[in-house]
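Comments concern the structure below.
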Amino acid sequence: MNKQHSSWLWRGILLASALWLTACASGPKVRTDQAPNVDLSSYQTFGFMSELATDRAGYTSLVTQHLKAAITAEMTARGYRLSDDPQLLINFNSNVAQRSEVRSTTSPSLHPYSYYYYRRGLYAPFPYYQTDVETVHYRVGTVNIDLVDASRKQLVWEGIAEGVLSQQDLQQPRESTARVVNHIFQQFPGRR
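See the structure below:
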């Protein structure tokens, strides 16, 4: 690989990395939905469903513990009280999926053929381009939080966050969970 081609390749990689980091730095993509004609600020208390979607095999998972702690912090910061007889029941789920993406980068090349293809080489009337193809594997995490009116057994609000998980997210699940739940609750229409 010649020096000029290497320079173009590294510029492309740095630009792609900068764009990727900028996209990730903004946090997860959050979507919310609310039942019509429901005033979430009228509720006073909250609690959690007896069987949460993240619990399996009859025990409370660490994911459940992290999500409960983060949601409790967000709800109490907004003036809601945790109660054994709540007006709002909260359920949540999380999922991590492995994804792959094929990326191709086209860059100019001075020597598309071997050294001995000298008759065309640098004297060709048009530039040659080389395409580099790379497969990137990554993990996408999704967190879904449902608020249910306990008396009517009706979903009144839902928040969903989805984003690419970094190695730091995987190594610090409690902190990552708190950040994601905070991103979701930034769009919560109830008390602030």
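For the sequence shown, the residue numbers in mature numbering (1 follows the signal peptide of the UniProt record, and there is no 0) are -25 to -1, 1 to 167.
Cβ atoms here follow ideal geometry from the backbone N, Cα and C, with glycine treated the same way.
If you're wondering where the values come from, they're calculated on a predicted model, not measured in any experiment.
Does residue i come out as helix, strand or coil in the three-state DSSP assignment?
| i | result |
| --- | --- |
| Arg154 | helix |
| Lys128 | coil |
| Ser25 | coil |
| Pro83 | strand |
| Gln9 | strand |
| Gln142 | helix |
| Arg114 | strand |
| Gln40 | helix |
| Phe67 | strand |
| Asn119 | strand |
| Arg78 | strand |
| residue 172 | Residue 172 lies beyond the range of the chain shown here (-25 to 167); nothing can be said about it. |
| Val108 | strand |
Could you pull the start and end residues of the alpha helix (DSSP H) that residue i belongs to?
| i | result |
| --- | --- |
| Thr35 | Per DSSP, Thr35 belongs to no alpha helix (DSSP H) and is neither H nor E. |
If residue i and residue j are in contact, beta carbons under 8 Å, what's the gap, nearest whole angstrom?
| i | j | result |
| --- | --- | --- |
| residue 180 | Gly134 | The chain is shown from -25 up to 167; residue 180 falls before or after that span and cannot be answered. |
| Ile125 | Ile159 | Note on identity: in this sequence residue 125 is Ala, with Ile being the wrong assignment. With 8 Å as the limit, Ala125 and Ile159 do not qualify as a contact, their Cβ atoms being about 20 Å apart. |
| Val71 | Val118 | Not really, about 10 Å apart at Cβ, beyond 8 Å. |
| Gln162 | Val5 | 6 Å |
Between the options, which has its C-alpha nearest residue i's C-alpha?
| i | options | result |
| --- | --- | --- |
| Gln73 | Ser36, Leu37, Val111, Thr80 | Val111 |
| Asp60 | Gln19, Gln161, Leu42 | Gln19 |
| Gln129 | Arg6, Leu15, Glu76, Pro3 | Leu15 |
| Lys43 | Asp124, Ser75, Arg149 | Arg149 |
| Val77 | Ser151, Gly165, Glu109, Val123 | Glu109 |
| Asn68 | Val38, Ser79, Arg56 | Val38 |
| Arg127 | Arg6, Ala28, Val13 | Val13 |
| Val123 | Ala10, Gln162, Pro3, Val155 | Ala10 |
| Thr152 | Thr7, Ser79, Asp8, Ala48 | Ala48 |
| Pro3 | Arg114, Arg56, Leu57 | Arg114 |
Okay, do the segment 103 to 112 and the segment 34 to 53 touch, 3+ Cβ pairs below 8 Å being the bar? Result no; under three Cβ-Cβ pairs closer than 8 Å.
For the 8 Å Cβ check, are there 3 or more pairs between the segment 18 to 32 and the segment 64 to 72? Contact between the segment 18 to 32 and the segment 64 to 72 is present: 3 or more CB-CB pairs across the two stretches fall below 8 Å.
So does the segment 141 to 156 actually touch the segment 28 to 36, counting three or more Cβ pairs closer than 8 Å? Taking a contact to require three or more Cβ pairs closer than 8 Å, the segment 141 to 156 and the segment 28 to 36 do not qualify as touching.
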